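Okay, structure first, notes after.
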Amino acid sequence: LPVAPNLLDQDFTADKPNTKWVGDITYIPTDEGFLYFSGIEDLFQRKVVGWSLGDRITKELTIDALEQAVGRENPGYGLIFHSDRGSQYAAYAYQEVLGKYCIRQSMSRKGNCYDNACMESFFSTLKKDIIYGRRFKTREEAKLAIIEYIETFYNCHRLHSTLGNMSPMEYERQYYYQEEVA
1 LPVAPNLLDQ DFTADKPNTK WVGDITYIPT DEGFLYFSGI EDLFQRKVVG
51 WSLGDRITKE LTIDALEQAV GRENPGYGLI FHSDRGSQYA AYAYQEVLGK
101 YCIRQSMSRK GNCYDNACME SFFSTLKKDI IYGRRFKTRE EAKLAIIEYI
151 ETFYNCHRLH STLGNMSPME YERQYYYQEE VA
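Numbering-wise, the sequence shown is residues 1 to 182 according to the UniProt record's numbering.
Right, dumping it as structure tokens:
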């Protein structure tokens, strides 16, 4: 499978929303087996813009997260999407979806988790906040907890030191307000 160049090159800053997204997959243990979570985060305001949950790691899992992110955010031309070199992201079907939306693909260097540190950091935060110390009986129970966490807490209320101790939504609102009055 083809490998895209590392366009991000560990530059985790963005001047505005929808210029740099990062994505990855993690897993959550349940009594039924693992629940796999494909997430996409905008590097500008650290908001989770797209996600998908399933019982297998497939290219469809990652495509669903990307389609959700594009549908929610409607990014313009030139967006960079960065991930590791996983087969789901290197799949031709995934590359077709990126091409359909004029999104440039970027991939980490081989075996370098630091090239996608922001997404790894989000997964760590998610697991510390709601996964560790908790036992999910079903995948559905875990799925509902993750959706609630992202949609009602993480994006809206979780404070980030990199955002001046604002939540992703608050930081984004401030950006658009400043754009309006400028």
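In this text, a Cβ means the ideal position worked out from N, Cα and C, and glycines have one as well.
Nothing here was measured: the structure is a model prediction, and the numbers come from that model.
Alpha-carbon spacing of residue i relative to residue j, whole angstroms
i           : j      : result
Thr97       : Gln10  : Note that residue 97 corresponds to Val in the displayed sequence, not to Thr. Distance between the alpha carbons of Val97 and Gln10 is about 24 Å.
Glu32       : Tyr177 : 46 Å
Lys16       : Tyr175 : 8 Å
Gln88       : Met166 : 33 Å
Arg135      : Gly54  : 18 Å
Lys128      : Ser52  : 20 Å
Glu179      : Val70  : 22 Å
Thr138      : Ser38  : 18 Å
Glu141      : Tyr132 : 15 Å
Pro29       : Lys143 : 11 Å
Arg158      : Ile147 : 14 Å
Pro5        : Ala14  : 19 Å
Gln95       : Tyr27  : 23 Å
residue 184 : Lys59  : No information on residue 184 is available, as it lies outside the stretch 1 to 182 that the chain covers here.
Classification of residue i by the beta-carbon crowding that lies within 10 angstroms, buried from 16 upward
i      : result
Lys110 : exposed
Ser124 : exposed
Phe153 : exposed
Tyr181 : Before going on, a small fix: residue 181 reads as Val here, not Tyr. Its Cβ having fewer than 16 others within 10 Å, Val181 is exposed.
Thr62  : buried
Cys156 : exposed
Spatial neighbours of residue i in its chain, beta-carbon cut-off 7 Å, leaving aside the 5 residues before and after
i      : result
Leu163 : Gln45, Arg46 and Tyr171
Ile57  : Ile25, Tyr36 and Gln88
Leu18  : Rather than Leu, the amino acid found at residue 18 in this sequence is Asn. Counting only Cβ-Cβ distances below 7 Å, and skipping sequence neighbours, we find Asp42, Glu73, Pro75, Gly76 and Leu79.
Cys113 : Glu120
6 Å CB neighbourhood of residue i in its chain, flanking five on each side removed
i      : result
Gly23  : Ile40 and Ser83
Ile80  : Leu7, Lys20, Arg104 and Ser106
Ile130 : Ala145 and Tyr149
Pro168 : Gln45, Arg46, Lys47 and Asn155
Gln68  : Gly50
Sub-8 Å separation of residue i and residue j beta-carbons
i      : j      : result
Pro2   : Ala90  : yes
Asp115 : Ser121 : no
Leu66  : Gly86  : no
Close Cβ partners of residue i (< 8 Å) along its chain, the five nearest in sequence each way excluded
i      : result
His160 : Arg46, Met166, Ser167, Pro168 and Tyr171
Cys118 : Phe12, Val22, Glu41, Leu43 and Arg46
Cys102 : Tyr77, Gly78 and Leu79
Legend entry - Every unbroken alpha helix (DSSP H) within the stretch 53-118, with a cutoff of 4 residues, ordered by chain: 59-73, 87-90 and 92-100
Inset, instruction - Only counting runs of 3 or more residues, tell me where the beta strand (DSSP E) segments fall wholly within the stretch 1-55, in order along the chain. - result: 20-30, 33-42 and 48-54
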